[in-house]
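The block underneath contains the structure these notes are about, expressed in structure tokens.
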Amino acid sequence: MSDSAMEHDETEALPPTMIDQAVIKQLTALSKRYPHPRSALLPMLHLVQAVDGFISARGIEVCAEILGITQAQVSGVATFYTMYKRRPAGKHHIGVCTTALCAVMGGDALLETMEDKLGITDGETTSDGLFSLEKVECNAACDFAPVMMVNWEFMDNMTPQKAEQLIDDLRSGREVRSTRGPKLTSLADSEKVLAGFLDGQGNEGPSAGEPSLEGVRLAEKKKWTAPAPKKTPKAKGGKK
Ligand code: FES
72 MSDSAMEHDE
82 TEALPPTMID
92 QAVIKQLTAL
102 SKRYPHPRSA
112 LLPMLHLVQA
122 VDGFISARGI
132 EVCAEILGIT
142 QAQVSGVATF
152 YTMYKRRPAG
162 KHHIGVCTTA
172 LCAVMGGDAL
182 LETMEDKLGI
192 TDGETTSDGL
202 FSLEKVECNA
212 ACDFAPVMMV
222 NWEFMDNMTP
232 QKAEQLIDDL
242 RSGREVRSTR
252 GPKLTSLADS
262 EKVLAGFLDG
272 QGNEGPSAGE
282 PSLEGVRLAE
292 KKKWTAPAPK
302 KTPKAKGGKK
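Okay, so the sequence shown: first residue is 72 according to the working numbering, each after it adds one.
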């Protein structure tokens with residue numbers, strides 16, 4: 072680990088929780104959006120992460136209380152999904168896809184560039200709290216490989232040079248947009264959107280990029296259509 076990284080050991084002091092009565096009210100409102108309140112746990116955890124920067128002990132406690140489940144059940148969910156962080160992430164969370172296609176198209180080199188540039192490795196946060204770095208699995212954006220995520224927004228067709236420029240721009244506070252349109256703000260803002268609070272950027276950028284549309288265009292040109300799905304035979308003795 073470099074000098075500029077926050078060490079992720081169990082004795083590390085965690086920042087105090089920012090979950091106050093207003094946040095508890097928002098968490099409670101989320102729980103009421105679903106027929107079964109516990110279905111709201113994922114967005115509630117995103118709100119906890121937006122407020123505290125990670126899944127805090129207080130966040131786990133409050134979610135459990137609101138949903139009437141145990142803290143162990145909440146922890147089980149929070150530790151299963153890698154999007155939930157157990158230690159404070161940076162203001163900007165950088166994910167580099169190193170799954171097969173991105174890796175061969177330059178993802179491994181991108182990760183190395185980011186490690187050198189930020190002085191941290193996978194799972195670490197810079198000591199100024201500005202950036203955290205994560206090696207991510209396939210983002211289902213292989214037609215744009217190699218792909219990076221910044222605060223869960225796509226940066227398509229990246230190169231080490233573009234990635235370094237991106238970090239310089241974010242560090243100096245210059246406006247940076249995802250290659251698909253939306254302005255990059257912060258991990259906290261993105262987490263709030265994932266919790267279900269809209270930021271008004273929903274219509275920024277295309278709904279599908281050019282490489283993703285190529286197949287549709289080719290099929291239209293060649294007049295290809297998908298075969299109709301076969302009807303599933305009814306089980307004997309089943310209802311008609
Ligand atoms: S392998 Fe990177 S997006 Fe699919």
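C-beta: ideal position from N, C-alpha, C; glycine also. Everything numeric in this text was worked out from a predicted model, so none of it was measured.
Asked, Found
"In terms of residues, what are the limits of the beta strand (DSSP E) holding residue 164?", "163-168"
"What does the alpha-carbon distance come out to for the pair residue 160 and residue 173?", "24 Å"
"How far does the beta strand (DSSP E) with residue 204 in it reach, from first residue to last?", "202-207"
"Kindly list the residues whose CB is nearer than 8 Å to the CB of residue 249, restricted to its own chain and excluding five residues on each side of it in sequence; keep chain order.", "221, 224, 225, 226, 255 and 276"
"What do you reckon, are the CB atoms on residue 106 and residue 180 nearer than 9 Å?", "no"
"According to DSSP, is residue 109 helix, strand or coil?", "helix"
"When you measure from the CB of residue 181 to every non-hydrogen atom of the ligand FES, does any distance come out below 8 Å?", "no"
"Any heavy atom of the ligand FES closer than 8 Å to the CB of residue 234?", "no"
"Looking at C-alpha atoms only, which residue of 139, 112 and 290 is the closest neighbour of residue 151?", "112"
"Who are the Cβ neighbours of residue 299 in its own chain at under 7 Å, not counting the five residues just before and after it?", "none"
"Give the DSSP bridge partners of residue 301, in chain order.", "According to DSSP, which records beta bridges pairwise, residue 301 is partnered with nothing at all."
"Who sits around the ligand FES, taking every residue whose Cβ is closer than 5 Å to one of its heavy atoms?", "168, 170, 172, 173, 209, 210, 212, 213 and 218"
"Can you name, in chain order, every residue of its own chain whose Cβ lies under 8 Å from the Cβ of residue 86, other than the five neighbours on each side?", "123, 124 and 159"
"From the DSSP output, which residues share a beta bridge with residue 248?", "254"
"What is the rounded straight-line gap between the Cα of residue 302 and the Cα of residue 241?", "53 Å"
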